[in-house]
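In my numbering, the protein residues as written are 4 to 392.
Report on one structure; see the data block that follows.
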Ligand code: NAD
Ligand code: ZN
């Protein structure tokens, strides 16, 4: 089959590799009908996530048709159409039973290695680092879905691939980012990043009843898309984010702050980001936490910081004293995808949101290597890429 394989930093190739096969009775094989490139894939593309191996199949946002079913995967039949959550979950461990699917205790087959780094293993993830199990991803014609009886989302008839594909990642990610804020009707919610995750977060915060949503980025078409949903926008290249957020909140600061940027934050007019880049260059810091610093500084005391943006390792110069003394609450994590499935499928079915709004580019799997660059460089108005194998 054909697949998009990681061959090193900035090197994704469209290659021919062996078809996947059932390896365990709970597996199914899915023929992929649509997959997407996620901001998390860019962290791998740009070489910021450790423990990727040459030849790893990329992709954790995908859906398709079940073509082969292992003997213990009773919940699924050949021919069914499913979206696959990016988090592989067993459905039986303590964490899965609590709904904490992204920290499933049983699906990371490199649990020992992960424990050394993080203290505990986290769930297996598709198309991601070997620290999360090294499972082949879904930017491919076929994919093996382990623990498939508890790692799938069934799709009601009548909804297109484009409408439901993002149920596996960015839609629940935006939804959880907003949920972590316990949004009140009086809240001003500030969201850093107007990429695909930021876009889903803006709409989720509005659907969850925020009084006002402010979105920060510097890419005009991304800010325009956030404004279309009703967000006030700030261009961080043109304006001081801290000053603007203070002005917009009568000096109080946003009640809730969401980091939908993650470890590759950019910044203009800031010394701290030059410091991060220098330290990153010599390997003394893995991630660039500019947005975290800004959120701590500007968030209203007793507020909440919600962090869906991905961080991989070590960060430096975090004003923790400010955070402690202001009484800020931090909530973060990889998304517990299935926790939100039922309510999000309902929102789509009722027509209250159509997540396909975010798609700007569609191509074939062979277009993948070029599309990674287009998405990363935000060329040609690119906000979200969907590939059809
Ligand atoms: P993206 O790279 O397309 O979007 C990031 C956006 O942030 C870009 O538009 C960029 O211009 C903007 N940005 C950069 N620096 C900024 C700054 N200082 N202030 C404001 N905006 C800034 O990626 P995406 O697909 O939207 O993903 C965003 C993050 O969410 C990534 O870190 C990704 O890994 C993460 N993610 C997390 C989960 C999860 O489960 N928690 C799931 C999906 C994605
Ligand atoms: Zn993702």
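The beta carbon of each residue, even a glycine, is placed where N, CA and C say it ideally should be.
Since this is a predicted model, take the numbers as computed values, not measurements.
Tell me whether residue 255 sits in a helix, a strand or coil according to DSSP, three-state version.
coil
Terminal residues of the alpha helix (DSSP H) in which residue 79 lies:
Unbroken run through residue 79: none, as it is neither H nor E.
Which first and last residues belong to the beta strand (DSSP E) in which residue 73 is found?
Taken as a continuous stretch (DSSP letters only), residue 73 belongs to no beta strand (DSSP E), as it is neither H nor E.
CB of residue 41 to nearest heavy atom of the ligand ZN: below 7 Å?
yes
From 154, 49 and 185, pick the residue whose C-alpha is nearest to that of residue 15; which is it?
49
Measuring from the CB of residue 337, is there a heavy atom of the ligand NAD at a distance below 7 Å?
yes
Is any heavy atom in the ligand ZN found nearer than 7 Å to the beta carbon of residue 262?
no
Closest by C-alpha distance to residue 207, when choosing among 382, 357, 62 and 370
357
Mind checking residue 85: buried by the 16 CB within 10 Å criterion, or exposed?
buried
Could you tell me the distance, in whole angstroms, from the CA atom of residue 260 to the CA atom of residue 177?
13 Å
Could you please give the first and the last residue of the uninterrupted beta strand (DSSP E) stretch that includes residue 388?
388 to 390
Relative to the C-alpha of residue 269, which residue among 154, 148, 196 and 370 is closest?
196
DSSP three-state call for residue 46: helix, strand or coil?
helix
For residue 389 versus residue 362, is the C-beta distance shorter than 8 Å?
yes
So, using beta-carbon positions, are residue 289 and residue 51 closer together than 8 Å?
yes
Could you check the C-alpha separation between residue 130 and residue 175 for me, to the nearest Å?
18 Å
Just the Cα atoms here: how many angstroms apart are residue 170 and residue 25?
25 Å
Integer Cβ distance of residue 2 from residue 251, believed to fall under 8 Å:
The requested residue 2 is not part of the displayed model; the chain covers only 4 to 392.
Three-state secondary structure (DSSP) at residue 225?
helix
Since residue 168 contacts residue 351 with CB under 8 Å, what's their CB separation in whole angstroms?
With a Cβ gap of about 11 Å, residue 168 and residue 351 do not count as contacting.
Ordered list of beta strand (DSSP E) runs contained in the stretch 254 to 298, each at least 3 residues
259 to 262
Using CA coordinates, which residue listed in 215, 18, 186 and 180 is at the minimum distance from residue 142?
18
Looking at the structure shown, is residue 127 part of a helix, part of a strand, or coil, going by DSSP?
strand
Does the Cβ-Cβ distance between residue 263 and residue 198 come in under 8 Å?
yes
To the nearest angstrom, how far is the alpha carbon of residue 217 from that of residue 311?
17 Å
Does the ligand ZN have a heavy atom nearer than 7 Å to the CB of residue 64?
yes
Please indicate yes or no: does the CB of residue 49 lie closer than 7 Å to some heavy atom of the ligand ZN?
no
Quick one: Cα of residue 191 to Cα of residue 284, how far?
36 Å
Sort 302, 375, 126 and 149 by Cα distance to residue 12 and report the nearest one.
375
For a test of your reading of the model: does the CB of residue 172 fall under 7 Å from any non-hydrogen atom of the ligand ZN? Yes or no.
yes
So, does the stretch 95 to 111 touch the stretch 63 to 70, judging by three or more C-beta pairs under 8 Å?
no
Mind checking whether the beta-carbon of residue 89 lies closer than 7 Å to any heavy atom of the ligand ZN?
yes
Environment of residue 295 [buried if 16+ CB atoms lie within 10 Å]:
buried
Name the DSSP bridge partner or partners of residue 366?
390
N-terminal and C-terminal residue of the alpha helix (DSSP H) that residue 394 is part of
Any answer about residue 394 is impossible in this case: the structure gives the chain only from 4 up to 392.
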